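Novice:
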Amino acid sequence: MEFDELIVKQEQQSLQQEIDQLYEFIGDEQQKTELVISIREKLKILEERLLFMQLEFDSFSERNTNTENTFETAKQTVERLRAEYREALLAAKKNKNKNIANERDLLLSGALTPAELRSRKIKKGEALVNAAEEATASLRETTMLMSRELKVSIDNISSLEESSRLLKKSNEQHESIGFILDFTKRVLTELERTDWVDRILMLLALFMFTLVAFTIVWKRIYIPGLSYNNIKSSKPVHTSTYTPISLINTPSTVSQYITAYKTSETIQNVPIVSTIDMLNPQASVSDDKIIKSVANQVLQNNQDISLNGAKKNHKTVQDPQIKIINRQEYQDSFKEQKQAEEQKQAEEQKQQRLAEEQRLAEEQRLAEEQRLAEEQRLAEEQRLAEEQRLAEEQRLAEEQRLAEEQRLAEEQRLAEEQRLAEEQRLAEEQRLAEEQRLAEEQRLAEEQRLAEEQRLAEEQRLAEEQRQLELQKQAEEQRQAELKKQAEEQRQAEEQRQAEEQRQAEEQRQLELQRLAEKQRQLELQRQAEEQRLAEEKIKAEKHIHSTSKSVLSLIVETLDIQSEDENISKVDKVETPLPSNNIRNEL
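At position 494 of the sequence shown (counting the first as 1) the number is 480 in the numbering used here, and the numbers step up by one without a gap.
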């Protein structure tokens, strides 16, 4: 694949050189035809090679990005060369027409001899050859530099791809190690949590066992002053005593006042609220306020009466005219308050109406002023717009007048110039006709001489071209052999480099695997040590619990023996049943 790419690049370079020659071609039509045919054949060969490369590239199962980019670049280069070939054909045609025009001018000038013409052509040809050689050398140097940079960039890309693969592998290995570490961390955390739970459960069991033992000892053992029976007997006894309460039939002050108030209501036959409702059956919200104020007044009077009644018990009942509320006074006060409230509301409504009228008048005045100001502003704007329009019309009319004057002057000048040019053209045509006649005679003689010279030069050129083609063929064969050898060397070097890279990658993978195995072994050792430590701690805790339970059991047995002996001796409490010490001992 790389060998095909090199051949395609070399053919593109040779095709570019021929297209450059066609751009600046000045010569016989037969040479031009041969050059065009050669360019077409090379373009066709390039397209066939690209098609073959595309088929070969599509047949691969694994696609390489570099090869795909190289193929796309070559395809774009062929398209560009085809476009340049078309432009070169047009440029060659223009050069031919220009050359014919130059020869015609030289023939018309009639000042050059055949020797001068040959020397000028030779000089032009040498200058063109030198320029072409310089351009070719510079292009060759540029091509070499570009190929060198391309090789360097290809090597860099391959090294970057290899490093990317290694980084991906190392990243995957690090992720697996991180997963293992997280799993071990979770396991250790779970083990530690279970350890703490076991400790707490053992402590709670020990505490409950101790509490039960202490309770049993406290209840079953007789200790003077601290025994359970002594504490139970020392609790206070609640006795209920019943004392007779004498009934008090003396009426209180409040009851006396209520009785007097009910008596007054019975005398009047109408309650206060009903009286107020009868006075004004269509009461509004203000009437409710007045009723509330009157009710508050009545309550205040009732409170004063109740306070005074506390000081004067018997006088309140004997003097009902002081405590009874006069209905006529309430009616008068209600009427006065209602009239005052109505006057106040009428005054407020009048003030509100006056304020509303003033506000409306002020708003109308402001609206009128704004309308007048807006009309003045619009009138001023219309006046200014009219003035601007008139000024613009005057300016446009002045510009049209000036443009018309300039146009007339320009037409007069052009008519004068056309007349002078027509006179000059007629004189020039007469002179050129005379010169053409003389030049035609000289051209015929020169063409006969040039035809003979061209025939001789064509024979020499054909012989030289055959020799150059033979040399080019030999050089092409040598170059292809050299390219094949270079491609083989590059392939071998690439295989060696790939083998070296694979060996290094295998070594790195083995080192990484060894390092991972070492880490796993260390983690396994740590886990085993942790398990051993936990097992030892568990055994120690079990031993401690076992020893503690033994000591507690022995203490309980001794305590029960002592208690049974004390019970047999003392028998203080005859009501209680004897303690089943033997059964408890057997159960324990």
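Ideal placement from N, C-alpha and C gives every residue a C-beta, glycine not left out. The structure displayed is predicted, hence computed values, not measured ones.
#1: For residue 536, is the classification buried or exposed, using 16 other Cβ atoms within 10 angstroms of its Cβ as the cut-off for buried?
#2: If we ignore side chains and look at the alpha-carbon of each, how far apart do residue 392 and residue 385 end up?
#3: Could you check whether the region 114 to 124 touches the region 3 to 20, counting it as contact only if at least three pairs of C-beta atoms, one from each stretch, sit closer than 8 angstroms?
#4: Anyone know if the C-beta pair for residue 511 and residue 177 falls short of 9 angstroms?
#5: Counting beta carbon pairs with one atom in the region 18 to 38 and one in the region -9 to 8, are three or more of them shorter than 8 angstroms?
#6: Keeping to the same chain, check which residues put their C-beta closer than 6 angstroms to that of residue 502; ignore five residues upstream and five downstream.
#7: Out of 140, 79 and 60, state which residue places its alpha-carbon closest to the alpha-carbon of residue 584.
#8: Buried or exposed: where does residue 330 fall if 16 or more other Cβ atoms within 10 Å of its Cβ makes it buried?
#9: Which of helix, strand or coil does DSSP assign to residue 165?
#10: Closest to residue 169 by CA distance: which of 548, 478 and 506 is it?
#11: For residue 200, which of helix, strand or coil comes out of DSSP?
#12: Out of 188, 542, 69 and 326, point me to the one whose CA is closest to residue 201's CA.
#13: State the Cα-Cα distance for the pair residue 397 and residue 390, rounded to the nearest angstrom.
#14: Which same chain residues, not among the five before or five after residue 5, have their C-beta less than 6 angstroms away from its C-beta?
#15: Within 10 angstroms of the Cβ of residue 453, are there 16 or more other Cβ atoms? Answer buried if so, exposed if not.
#16: Tell me whether residue 14 sits in a helix, a strand or coil according to DSSP, three-state version.
#17: Below 8 angstroms CB to CB, which residues in the same chain sit around residue 206 once its five sequence neighbours on both sides are set aside?
#18: According to DSSP, is residue 207 helix, strand or coil?
#19: Measuring CB atoms only, is the region 460 to 470 touching the region 121 to 132, in the sense that at least three cross pairs come out at less than 8 angstroms?
#20: Please classify residue 51 as buried or exposed, where buried requires at least 16 other C-beta atoms within 10 Å of its C-beta.
#21: Would you grab the beta carbon distance between residue 18 and residue 78 for me? Rounded to a whole angstrom, and I think it's under 8 angstroms.
#22: Using the C-alpha atoms, what's the distance from residue 341 back to residue 375?
#23: CA-CA distance, residue 447 and residue 425?
#24: Would residue 189 be called buried (16 or more neighbouring beta carbons within 10 Å of its own) or exposed?
#25: What do you get for residue 194, buried or exposed, if any count of 16 or more other CB atoms within 10 angstroms of its CB means buried?
#26: Label residue 57 either buried or exposed according to how many other C-beta atoms from any shown protein chain fall within 10 Å of its C-beta, with 16 as the threshold for buried.
Specialist: Per the coordinate set shown:
#1: Mapped onto the sequence shown, residue 536 falls at position 550. When all chains shown are included, residue 536 counts as exposed.
#2: Working through the sequence shown from its first residue, we reach residue 392 at position 406. Working through the sequence shown from its first residue, we reach residue 385 at position 399. About 10 angstroms.
#3: yes
#4: The residue you call residue 511 lines up with position 525 of the sequence shown. The residue you call residue 177 lines up with position 191 of the sequence shown. Not closer than 9 angstroms, so no.
#5: yes
#6: Counting from one through the sequence shown, the residue named residue 502 turns up at place 516. For residue 502, where only same-chain residues beyond five positions count, there are no Cβ hits under 6 angstroms.
#7: Here the chain covers residues -13 to 574 and nothing more, so residue 584 does not appear.
#8: Counting from 1 along the sequence shown, the entry for residue 330 is found at position 344. Exposed, by the Cβ-count rule.
#9: Walking along the sequence shown from the start, residue 165 turns up at place 179. Helix at residue 165.
#10: Taking the first residue of the sequence shown as position 1, residue 169 is located at position 183. It is 506.
#11: Counting from 1 along the sequence shown, the entry for residue 200 is found at position 214. Residue 200: helix per DSSP, three-state reduction.
#12: Locating residue 201 in the sequence shown gives position 215, where the first residue counts as 1. The shortest C-alpha separation from residue 201 is found at 542.
#13: In the sequence shown, counting from the first residue as 1, residue 397 sits at position 411. In the sequence shown, counting from the first residue as 1, residue 390 sits at position 404. Between residue 397 and residue 390, the C-alpha separation is close to 11 angstroms.
#14: Numbered from its first residue, the sequence shown carries residue 5 at position 19. If we look at residue 5 and ignore the five residues flanking it on each side, its Cβ neighbours are 70, 71 and 74.
#15: Residue 453 sits at position 467 when you count from the first residue of the sequence shown. With fewer than 16 other Cβ atoms within 10 Å, it is exposed.
#16: Within the sequence shown, residue 14 is the residue found at index 28, counting from 1. Coil.
#17: By one-based count along the sequence shown, residue 206 stands at place 220. The answer, listed in chain order, is 545, 546, 549 and 565.
#18: Counting from one through the sequence shown, the residue named residue 207 turns up at place 221. Note: residue 207 maps to coil in three-state DSSP.
#19: no
#20: If you number the sequence shown from 1, residue 51 lands on position 65. Per the 10 Å Cβ criterion, exposed.
#21: Taking the first residue of the sequence shown as 1, we reach residue 18 at position 32. Taking the first residue of the sequence shown as 1, we reach residue 78 at position 92. With 8 angstroms as the limit, residue 18 and residue 78 qualify as a contact, their Cβ atoms being about 6 angstroms apart.
#22: As a working note, residue 375 is residue 389 in the sequence shown. As a working note, residue 341 is residue 355 in the sequence shown. Each residue's alpha carbon lies about 50 angstroms from the other.
#23: Sequence index remark: in the sequence shown, residue 447 carries index 461 (1-based). Sequence index remark: in the sequence shown, residue 425 carries index 439 (1-based). Roughly 30 angstroms separates the two Cα atoms.
#24: Numbered from 1 along the sequence shown, position 203 holds the residue referred to as residue 189. So residue 189 ends up on the exposed side.
#25: Along the sequence shown, one-based indexing puts residue 194 at 208. Exposed.
#26: Numbered from its first residue, the sequence shown carries residue 57 at position 71. Under this definition residue 57 is a buried residue.
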